[in-house]
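Numbering (the working numbering), first residue to last: 423 to 1470.
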Amino acid sequence: MLESNKDSAKLDAMKRIVGMIAKGKNASELFPAVVKNVASKNIEIKKLVYVYLMRYAEEQQDLALLSISTFQRALKDPNQLIRASALRVLSSIRVPIIVPIMMLAIKEASSDLSPYVRKNAAHAIQKLYSLDPEQKEMLIEVIEKLLKDRSTLVAGSVVMAFEEVCPDRIDLIHKNYRKLCNLLVDVEEWGQVVIIHMLTRYARTQFVSPWKDDEMVEEYSESNFYESDEEQKEKDQKVKSTYTMDPDHRMLLRNTKPLLQSRNAAVVMAVAQLYWHLAPKSEAGIVSKSLVRLLRSSREVQYIVLQNIATMSIQRKGMFEPYLKSFYVRSTDPTMIKTLKLEILTNLANEANISTLLREFQTYVKSQDKQFAAATIQAIGRCATNITEVTDTCLNGLVCLLSNRDEIIVAESVVVIKKLLQTQPAYHGEIIKHMAKLLDNVTVPVARASILWLIGEYCERVPKIAPDVLRKTAKSFTNEDDLVKLQILNLSAKLYLTNSKQTKLLTQYVLNLGKYDQSYDIRDRTRFIRQLIVPNEKSGALSKYAKKIFLAQKPAPLLESPFKDRDHFQLGTLSHTLNSRATGYLELSDWPEVAPDPSVRNVDVAESAKEWTGILGKMKKEKTEKFYSDSEEEEDESASTSASESESSSESEKEDKEEDSSDESSGDSSSTEESSDSESDNKESTAKKTSRAADESDAEDIKKKGKRTSEKTSASSSSDTESISSEGSSSGSKSDSDSKSDSESGKSRKVEKEKEEKAVQDRKAPSKDVFLLDLDDFGPVTTPVVVPTAAVLSPSLTADLEGLSLSSSSVIDVTSLVSVPTKTHELLHRMSGKGLAAHYHFSRQAGIFGDRMVSVQVTVKNTTDQKIENIHIEEKKLPPGMRMHEFTPIECLEPAGSITVSMGIDFCDSTQMASFQLCTKDDRFNVNIQPPVGELLLPVTMSEKDFKKEQGMLTGMNETSATITVAPQNSTRLVIIERVMKAANLGVVPSGQDNIHRFAAKTVHSGSLMLVTVELKESSTAQLIINTEKTVIGSVLLRELKPILSQG
């Protein structure tokens, strides 16, 4: 069926195979047949194939690697589910050789417009880290970017990746702390669990202990009777000023409280442990009701919850005392649940409820479950130790149990009585006699050993019985258990020291038996006792103190809860459950004495909204244009494709709704960019007339209207001319809205004119391939100083250029500016820069600061409400040979002001970072600039003849080439020229052949020629050739140009 030509048969086969996997059957033999269908155009088949591959990719790695190119192509699929599934399969192939491919895929997916794909990118981070831990630093960068994501779908997954890869990097959480607290309620359940555990650890490092307040109040309550009123007031004032809860600490407690009503037991347990570890003791009690509610769940959930309650009830009994009856044992409970409930009841026992509990315990002792009955006797013993009022009652009850028919109950009673008698032996001689009589009937070794120990320890109180007991046990010595034999030896030694006349011979007999025993423990003990109690010439000084050694006063044993020492583990963790440190356990740190600076968590809300507005506008514009251009070319896609696409759009819409109102209105303006000019103007005028509140209320209607219009436009546009005109109108509307926002903010007409010039350049955006990796350049787009003269070359202009080039055939010279890249790079984030933000871009202007320097334009922005003074560069940390021409220091930057300055850097023809410090009057920030390889070039003009001549001299080792598959829409001359020049600062060389495109440049530092040839072949393939002396730069440039020309 999988080999069938019909999709319906393949789909049926895949459904059956996935059904087999769901039932636990092995379907790995079908891997070769299934993997052939990975390139199927039917979305439903493709989804099921990916489900299968996710299950078996790790087992069949070699076969999976054969399809890796298909997975890479699927990462660009319009359907978000396919993109996500491809990433999941790729990350499931556990082969070190594809680590770079996985790394690139994760980076791209982390900037995807679909939150579902970004969520899967976070999942892939953990898989890649376990495969290659050396990628940690690069993965941390991706985690840092994803932590800024505002989608609730992504939050839980990225925090899980954070916990796995870099749980110690608390600094990454500072700026995202409040956002995570606020998103917590809307995150999916398992994400909530991970985030809560992470925030618990974070809070223990950032806030001071709220428990100090309780301690101070306790001290304060014990005030001196004779203190004057003034002293009392001073002390009162001191206590009040001792502790004030941090607002962020309070926010965490407030935002997690509603989750106590969650249907997921793990979420409730996570919130309970957070309150236990972080909340003031007076507030921690609110979790008890929710935990008791969980006792109605399955036995596995009950077991974990009861373990945590057992630990809590030791320190704070009052939390669970009102729910005492909830812990009564039911006959249907399994033993493990019964034992834990019994433990909690014992912890909660006090003078008020002990009589009720003892009645319960009497019933439990009669249980058919002998293990539980034995545990009940232990519980009675603990109650007798902890509550002195009922000690005698408990002791009498235990003595009554000695006549029970069940040996296990009798044995446990003996052990517990022995411990109780140690607390007050003088009053219980009769009980010891009674227990001595039981020795003949009791067979359990622990019970026999306990009776012998009691008789030996208090042999002076039963002088007549003790020797007779020794006589009986000496007879059965050889048949006894090792534990009992040791106590017989101890008893004989004690009786020899206190009553040697009657027991001397018996002791010698027992010692002789022990001397030849099979157990070396018994033999060792025998030799030790003989030397100690029987004096001879070889005996040392210790024999004088034998009586003091054997009959010393022994401390009474403490009957403690087995859960007493578990509180050093975080509640709700595997380590707490096992009472042993598990792999991957993250220790809870102690509270700091002084709280770290809370300002690290400050985020300027207005600026944050403004920044995200720009991002969303950029993202939506690029995504919408690519989205619909793809749909035009792939008209044969099934209906399910469009359904999934609309699903992706709705998800991104939902994500946008979670932004501030300013974000919404910005998102709306960008989403309607493909609508007509009239609609754009109408919306603009509406925005001017109405207030902010009206904007918020109308935002949804405008968004829907824009979406319908853009869909209609996309569906109707079939020719290049139509798409270009619609793109022009969209750019025009963007220009209008841009100029509107500029006028509102009071900027000059000059800035407005520059915005319009930028809009002209933006008209070519639809033909630009949308790189998802470009989206991490968040921040305001700087205005290029030089306007591009030939961003998209018309046929007539191309002809003119060719004519010009041919007229100067013998000249190889630097050309004027061809194309300015619009991409900006973040130099300093406003959060890291304490309100100072900086971005940079490469202006491609030659010779401003010297022949060998690359021109870089830096835009500095003040996002604070105060002036920033003396912005300058210091402490340049440059690699050998690299030079930098600093920009002129900026004396003062007004609040909300920005300024663009130019600087030059000689990168020495390498892509190494230029690191330096961007300084203000008060602060220093470490920043770095890393150039793309295409910006290390200057375009040159030359004739075709000169190009071929130079190319002939740069062959062999100086030539790098690759064959690529060119997307159909990339095969036209205009598109190839535009894409190549956008990626690298190259000049166009005229060509007499339509299928060969030539470009030339020289490196900025050394002036070495860089010749690029794109030769189109048949069947949508092309050969990309680069000739240069700088082979390293050539190979890097080849690697960067390949995806630009191959992708759609």
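Even glycine gets a Cβ: it sits at the ideal position worked out from N, Cα and C.
These figures come from a predicted structure and were not determined experimentally.
- The Cβ atoms of residue 480 and residue 516 lie closer than 7 Å to each other.
- Per the coordinates, the alpha-carbon of residue 1346 lies some 29 Å from the alpha-carbon of residue 1266.
- Taking residue 1417 as the centre and dropping the five residues before and after it, the same chain places the C-beta of 1438 closer than 6 Å to its C-beta, in chain order.
- With 16 or more other Cβ atoms inside 10 Å of its own Cβ, residue 853 counts as buried.
- Pairing residue 709 with residue 716 gives a Cβ-Cβ distance that is not under 7 Å.
- A distance below 8 Å between beta-carbons, with the five flanking residues on each side excluded, links residue 916 to the following residues of its chain, in chain order: 878, 879, 881, 972, 973.
- Bounds of any alpha helix (DSSP H) do not take in residue 1409; it lies within the beta strand (DSSP E) bounded by 1409-1411.
- Judged by DSSP secondary structure, residue 991 falls outside any beta strand (DSSP E); it is assigned neither H nor E.
- The Cβ-Cβ distance between residue 569 and residue 598 falls below 7 Å.
- Boundaries around residue 1449 are those of the beta strand (DSSP E), 1443-1450, since no alpha helix (DSSP H) includes it.
- Selection 909, 985, 924 evaluated against residue 951 yields 909 as nearest (Cα-Cα).
- DSSP, reduced to helix, strand and coil, places residue 1270 outside both helices and strands of the structure shown, so it counts as coil.
- Going by C-alpha positions, residue 754 is about 25 Å away from residue 803.
- Residue 1415 carries a coil assignment under DSSP once its states are collapsed to helix, strand and coil.
- In the structure shown, residue 1432 falls within a strand segment according to DSSP collapsed to helix, strand and coil.
- Assigned with DSSP and collapsed to three states, residue 1262 falls in strand.
- Residue 690 places its beta carbon 7 Å or farther from that of residue 696.
- Using a Cβ-Cβ distance cut-off of 8 Å, the stretch 1274-1294 and the stretch 1249-1260 are in contact, since at least three pairs of beta carbons, one from each stretch, lie closer than that value.
- For residue 953, the enclosing alpha helix (DSSP H) starts and ends at 942-955.
- Secondary structure note for residue 1339: its beta strand (DSSP E) is the uninterrupted segment 1336-1341.
- Boundaries for residue 592: no beta strand (DSSP E) harbours it, and the DSSP string shows neither H nor E there.
- Going by DSSP, residue 1315 is part of no alpha helix (DSSP H) but of the beta strand (DSSP E) stretching over 1312-1315.
- For residue 1364 against residue 1350, the beta-carbon gap comes to about 35 Å, at or over 8 Å, which does not count as contact.
- Put simply, the backbone Cα of residue 470 is about 25 Å away from that of residue 529.
- Judged by DSSP in its simplified three-state form, residue 442 adopts helix.
- Within 10 angstroms of the beta-carbon of residue 900 lie fewer than 16 other beta-carbons, which makes it exposed.
- Contact annotation, residue 806 with residue 816: C-beta distance approximately 3 Å; criterion of less than 8 Å satisfied.
- Residue 537 is classed as buried because its beta carbon has at least 16 other beta carbons within 10 Å across all chains shown.
- Residue 534 has its alpha-carbon roughly 27 Å from the corresponding atom of residue 1281.
- Closest in alpha carbon position to residue 1387, among 926, 558, 491, 454, is 491.
- Take the alpha-carbon of residue 1413 and the one of residue 1323: they are about 39 Å apart.
- Rounded to whole angstroms, the gap between the alpha carbons of residue 1429 and residue 1376 is 15 Å.
- Sequence-distant partners of residue 1316 (beyond 5 residues in either direction) whose C-beta falls short of 7 Å from its own C-beta, in its chain, are 1284, 1289.
- Around the C-beta of residue 1004, fewer than 16 other C-beta atoms lie within 10 Å, and the residue is accordingly described as exposed.
- By the CB criterion at 7 Å, residue 954 and residue 963 fall outside the cutoff.
- Taking C-alpha positions only, residue 1326 is separated from residue 1277 by approximately 5 Å.
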